[in-house]
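Numbering (mature numbering (1 follows the signal peptide of the UniProt record, and there is no 0)), first residue to last: -24 to -1, 1 to 151.
Working notes for the structure below.
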Amino acid sequence: MSPSLQLVAPSCLLFLSLPLLLRAADYTVGDGPWDTGTNYAAWADNHAFVAGDVLVFQYVKSQHNVFEVTEGTYRSCDTAAGVLKGYTTGFDRIELTEARSYWFICDYPGHCVGGMKLAVNVSDGGSAGRGDAGPPPSVPMPPPGSAAAASPPGSCRSWAAWALTLSVFVVVNYM
């Protein structure tokens, strides 16, 4: 095999794998267990959710649950009406299938009014989507001005950008 083909083949494979690398993300809600001690509004404000992302709720199923609800039920914490879906496994994976607002609460007595509720706004993944708006899930933001601030370690986006750059370089120089 000629030297140029030895470089082109891997570059093409990298280029073709980019959609897999840029796929939706899984987010552990609150970066820990679904409980009454987490500020879910602050947590959600630090993430840019796009259609296809998955929220993972982890909790003790005898102590908590997750209900997807309407905005009115989210605000009132009254589940007499407005419950869209209920989850009770203790490890619930909920895909955010479309660009819209989603509201979740725990229906155990006192939990929702105590702050155990989550509202997320989901974009379609276009220019208003994730982009480089923040770090991938569960990666703390490095201090401003540090070398790591450009891209978090293990970031799929940074790896994908590197692969795309390499592919373009190889195609331009060896074709």
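Yeah, the Cβ is synthetic: ideal placement off N, Cα and C, and Gly gets one too.
Note that the structure is a prediction, hence the values are computed from the model and not measured.
- The DSSP-derived three-state label of W10 is coil.
- DSSP, read as helix, strand or coil, puts V5 in helix.
- Non-local beta-carbon contacts of V98 in its own chain, meaning distances under 8 Å to residues more than five positions away in sequence, involve F25, V26, A27, D29, L72, E74, A75, R76, S77, Y78 in chain order.
- In this structure, C53 keeps its C-beta atom at 8 Å or more from the C-beta atom of V96.
- Taking the Cα positions, I70 is about 16 Å away from K37.
- When the Cα atoms are used, F33 and D100 turn out to be separated by approximately 22 Å.
- With 16 or more neighbouring CB atoms inside 10 Å of its own CB, L94 falls in the buried class.
- In the displayed model, G62 falls within a strand according to three-state DSSP.
- Under the DSSP definition of a beta bridge, Y78 partners with V96.
- H40 and A20 have their C-alpha atoms some 20 Å from each other.
- Taking the C-beta atoms as reference points, Y3 is found nearer than 8 Å to L31.
- For G48, the closest alpha carbon among the candidates A17, I81, H23 is that of I81.
- Excluding five sequence positions before and after T64, the CB atoms of its chain that fall closer than 7 Å to its own CB belong to K37, N41, given in chain order.
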